[in-house]
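> Got a structure here, written out as structure tokens. Questions coming.
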Amino acid sequence: MRPVTVSTEVPYPPERVHDFLEVMAHHERFTDHYLTDWRYSGPSRGFGARATVTAALGGTRTDVGIEVINSEPPHRIVEHNVSAGGRRQAHGIYTIAPLPDGAGSRVSFTYTWLCAPLPERLLAPVVRAAMRRANHTVMRRLAAELARYEGEADGAGATPPDRRP
Numbered sequence: 000m001r002p003v004t005v006s007t008e009v010p011y012p013p014e015r016v017h018d019f020l021e022v023m024a025h026h027e028r029f030t031d032h033y034l035t036d037w038r039y040s041g042p043s044r045g046f047g048a049r050a051t052v053t054a055a056l057g058g059t060r061t062d063v064g065i066e067v068i069n070s071e072p073p074h075r076i077v078e079h080n081v082s083a084g085g086r087r088q089a090h091g092i093y094t095i096a097p098l099p100d101g102a103g104s105r106v107s108f109t110y111t112w113l114c115a116p117l118p119e120r121l122l123a124p125v126v127r128a129a130m131r132r133a134n135h136t137v138m139r140r141l142a143a144e145l146a147r148y149e150g151e152a153d154g155a156g157a158t159p160p161d162r163r164p
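Read in order, the letters of the sequence shown correspond to residues 0 to 164 in numbering that gives the first Met the number 0.
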């Protein structure tokens, strides 16, 4: 199946965006419209950070294991996802690039299926459209959560602690 990519622009430098995205627990803040019941393991941030979530998309619910397998500050984070009893495997890749005018960053998320169950492959256009819609919402919510996070940092005079919920 072809990958799905969505993007947003935010008024923060790549270092700040990467710092926020590298904390696994922060992802719950902007994905909880379709990823729920977050359970964390491993380090709280960076390589080896893990979560198991329940995904509700397209009328189905399934547990998904997510693990950060690569983090290249401040430009890239790669997650490996496993679900459907191992029949669905994918990579979620966050790419963070400075805007040409230096006034922020462009954040892109690409979901790439490595393997998928036969029914999903047969319905690939529908599955990709559902994933694109869900991830467009993720990007809008990510921008809002970054603004909230940066506001917390400005109000407290320091970066908010990396606490798990």
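Virtual Cβ for every residue (Gly too), placed ideally from N, Cα, C.
In angstroms with no decimal places, state the Cα-to-Cα distance between His25 and Ala55.
Looking at the two C-alpha atoms, the distance is approximately 19 Å.
> Using 8 Å for Cβ pairs, my map puts Thr4 next to Thr136. What's the rounded Cβ distance?
15 Å between Cβ atoms; not a contact.
> Assign Leu222 to one of three DSSP states: helix, strand, or coil.
The chain is shown from 0 up to 164; residue 222 falls before or after that span and cannot be answered.
> In its own chain, which residues sit with a C-beta less than 6 Å from the C-beta of Ala155, not counting the 5 before and 5 after it?
Any answer about Ala155 is weak, because its pLDDT of 47 lies below 50 and its placement is not dependable; what the coordinates show is given next. If we look at Ala155 and ignore the five residues flanking it on each side, it has no Cβ neighbours.
> Val9: which of His79, Leu98 and Ser70 sits nearest, CA to CA?
Checking every option, the nearest Cα to that of Val9 belongs to Leu98.
> Can you find the residues in the same chain that come closer than 7 Å, C-beta to C-beta, to Ala102, ignoring five residues on each side of it along the sequence?
Counting only Cβ-Cβ distances below 7 Å, and skipping sequence neighbours, we find Pro10.
> Counting pairs of beta carbons, one from the stretch 56-72 and one from the stretch 40-47, are three or more of them closer than 8 Å?
At 8 Å Cβ cutoff, the stretches touch.
> Between the Cα of Tyr39 and the Cα atoms of Thr51, Thr30 and Tyr33, which residue gives the shortest distance?
Tyr39 has its Cα closest to that of Thr51, out of Thr51, Thr30 and Tyr33.
> Once you ignore the five residues that flank Arg105 on each side, which residues in its own chain have a CB closer than 7 Å to its CB?
If we look at Arg105 and ignore the five residues flanking it on each side, its Cβ neighbours are Ser6, Glu8, Ala96 and Leu98.
> Would Val126 and Gly57 be called neighbours here (beta carbons separated by less than 9 Å)?
Yes, Cβ-Cβ distance for Val126 and Gly57 is below 9 Å.
> Should Arg15 be listed as close to the ligand COA, given that the test is whether its C-beta is under 8 Å from any heavy atom?
Here there are no bound small molecules, and the ligand COA is not part of this structure.
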